[in-house]
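A short write-up of the structure that comes next.
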Amino acid sequence: MKYKIAIIPGDGIGPEVINEAHKVLNRIQKKYGHTFEYTDLLAGGAAIDTTGKCLPKETVEGAKGSDAVLLGAVGGPKWDYLPGDERPERALLGLRKELALFANLRPAIMFHQLRDACPLKEEKVKGGLDILVVRELTGGIYFGEKGYKQTDMGEAAFDVEQYSTGEIIRVAKVAFDMAMKRDKKVTSVDKANVLESSRLWRKTVAQVAQEYPQVELNNMYIDNTTMQLVYNPKQFDVILTSNIFGDILSDEASMITGSIGMLPSASLSTGNFGMYEPVHGSAPDIAGTGKANPMATILSAAMMLKYTFGLSEESQAIETSVKKVLSMGYRTPDIAVAGDKVATTTKIGDLIAENI
Ligand code: NAD
């Protein structure tokens, strides 16, 4: 089969980790007889330097014309002087909006080979961890009405949390569909004891749940969830939540697994279209040193194969190879402990490609 992939390397370590994902995808196309047609696109600081804009029109059009987007990372101190809406990171919000990426999937998987990187006690994570956070990405308080007004207590600022049933239904369906392929458990996180928008969220999720009788639905308040994630993380399978709560919870869940250099993500639209990127940023402190861990980006490419192209076996082959390379003792410095074979970004990419 032929698939069109838009590649956005971005800034800092972005191009370095993308290079390794490219290598791994090339190995997959050769081994399984697929054709990946790549288009390189500019976004972030690299786009500002070339075109003056962080998200050129051609990039949006190129992304829309592809089956999926694979992105490295954007941003860096070079562009820190720019005002908020002209900064490289603005390209991410623009891409989410333009591509209607309403569901953000962040798996927090603890590789047993990296057990020492988990800050929790052994008994809390015995047998490993595999949590999937499904976060609503294009609604809620980050996109609601905002502004300033005068009050008798002085100037006030406001940001409105608003969700429609349509927005809740479409992201809830993604979470339930994912749960059907996993342990069939959804924990919907809200603040329904205080917020009206959360009460509608809870009611609507319960309606969607009726379409999935095999999936167990639990509701949990956000404050309790932040505690439960460190107290008893193994109780979670799929966590479904709003934009702002998901922003916080997905970082907390990922921290439990150890290094940021291991964490992939997917942002999905309707149909199978998606944008795939590592959770980490452009890491300017290590850019150009060969120390960047490419595994988060390589695992993002694996998610792309699974969720957008439906190539589960190929996706699994990448995950298996990552685990194999870890078992062989190879590590980038961010995840290395005494006795490990410390390797460069390129070496890790080579090993993962070779072991597929
Ligand atoms: P960061 O994720 O880039 O780095 C945080 C720390 O983690 C650094 O010490 C870095 O060296 C390390 N790190 C990150 N990725 C790594 C990897 N793959 N391998 C090894 N170590 C890794 O976050 P930051 O320092 O807060 O931000 C740096 C720049 O990236 C900023 O301009 C920020 O706005 C941008 N950013 C972009 C994205 C994105 O493109 N999605 C996300 C977050 C931050």
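Just so we're aligned, residue 0 is where the sequence shown starts under numbering that gives the first Met the number 0, counting upward by one. Glycine is no exception: its CB is placed at the ideal position from the N, C-alpha and C atoms.
message: Helix, strand or coil, according to DSSP, for Q213 in the structure here?
response: Here residue 213 is taken as the residue at index 214 of the sequence shown, counted from 1. Taken through DSSP and simplified to helix, strand or coil, Q213 comes out as coil.
query: Since R134 and T240 are thought to touch, with beta carbons under 8 Å apart, how far apart are those beta carbons, to the nearest angstrom?
result: What you label residue 134 is simply residue 135 of the sequence shown in a count that begins at 1. What you label residue 240 is simply residue 241 of the sequence shown in a count that begins at 1. Contact flag correct, Cβ pair sits at about 6 Å.
field: Per-residue DSSP class, three states only, for T240
entry: The residue given as residue 240 occupies position 241 in the sequence shown. The DSSP-derived three-state label of T240 is strand.
- request: For A156, I'd like the list of residues in its chain whose CB is within less than 6 Å of its CB, leaving aside the five on either flank, ordered along the chain.
  value: Within the sequence shown, residue 156 is the residue found at index 157, counting from 1. Taken in chain order, the residues that qualify are Y147.
- prompt: Would the C-beta of E160 count as close to the ligand NAD, meaning under 7 Å from any of its heavy atoms?
  reply: Taking the sequence shown and counting its residues from 1, the one referred to as residue 160 is at position 161. Not so, every heavy atom of the ligand NAD lies at least 7 Å from the Cβ.
query: Is it right to say T34 is buried, meaning 16 or more other beta carbons lie within 10 angstroms of its own, or is it exposed?
result: Reading the sequence shown from its first residue, position 35 is the one you call residue 34. Exposed.
- request: Put A286 into one of helix, strand or coil per three-state DSSP.
  value: For the purposes of this step, residue 286 is taken as the residue at position 287 of the sequence shown. The DSSP-derived three-state label of A286 is coil.
query: How long is the line joining the alpha carbons of L54 and P82, rounded to whole angstroms?
result: For the purposes of this step, residue 54 is identified with residue 55 of the sequence shown, where counting begins at 1. For the purposes of this step, residue 82 is identified with residue 83 of the sequence shown, where counting begins at 1. Cα to Cα, the separation comes out at about 15 Å.
message: Distance check for A265 and L92, CA to CA, integer angstroms please.
response: Residue numbering aside, residue 92 sits at position 93 when the sequence shown is read from its first letter. Residue numbering aside, residue 265 sits at position 266 when the sequence shown is read from its first letter. L92 and A265 have their C-alpha atoms roughly 14 Å apart.
task: Could you spell out where the alpha helix (DSSP H) holding S311 opens and where it closes?
output: Here residue 311 is taken as the residue at index 312 of the sequence shown, counted from 1. S311 to S326 is the span of the alpha helix (DSSP H), which, as asked, contains S311.
field: Boundaries (first-last residue) of the alpha helix (DSSP H) holding M226
entry: Along the sequence shown, read from residue 1 onward, the residue named residue 226 stands at position 227. Element bounds for M226: I221 to Y230.
task: Report, in whole angstroms, the separation of the C-beta atoms of V23 and G348, which I expect to be a contact under 8 Å.
output: Here residue 23 refers to the residue found at position 24 of the sequence shown. Here residue 348 refers to the residue found at position 349 of the sequence shown. 7 Å between Cβ atoms; contact.
query: Which residue spans inside the segment 43–108 form an unbroken beta strand (DSSP E) run of at least 3?
result: If we require 3 residues or more, the beta strand (DSSP E) runs fully inside the segment 43–108 come out as 67–72 and 102–108.
query: Beta carbon of S281: closer than 7 Å to some heavy atom of the ligand NAD?
result: Sequence index remark: in the sequence shown, residue 281 carries index 282 (1-based). S281: yes, Cβ under 7 Å from the ligand NAD.
message: Relative to the C-alpha of S187, which candidate in E276, F235 and A352 has its C-alpha closest?
response: As a working note, residue 187 is residue 188 in the sequence shown. The option with the nearest alpha carbon to S187 is F235.
- prompt: In the structure shown, what three-state DSSP assignment does V159 receive?
  reply: Within the sequence shown, the letter at position 160 stands for residue 159. The three-state secondary structure of V159, taken from DSSP, is coil.
- prompt: Would you say E88 touches the ligand NAD, meaning its beta carbon is less than 7 Å from a heavy atom?
  reply: Counting from one through the sequence shown, the residue named residue 88 turns up at place 89. It does: the Cβ of E88 is within 7 Å (strictly closer) of some heavy atom of the ligand NAD.
query: Looking at A178 and V170, is the spacing between their C-beta atoms short of 8 Å?
result: Within the sequence shown, residue 170 is the residue found at index 171, counting from 1. Within the sequence shown, residue 178 is the residue found at index 179, counting from 1. No.
field: DSSP bridge partner residues for Y31 (one or two, in chain order)
entry: By 1-based counting over the sequence shown, the position of residue 31 is 32. Looking at the DSSP assignment, Y31 forms no beta bridge with any residue, so it has no partner.
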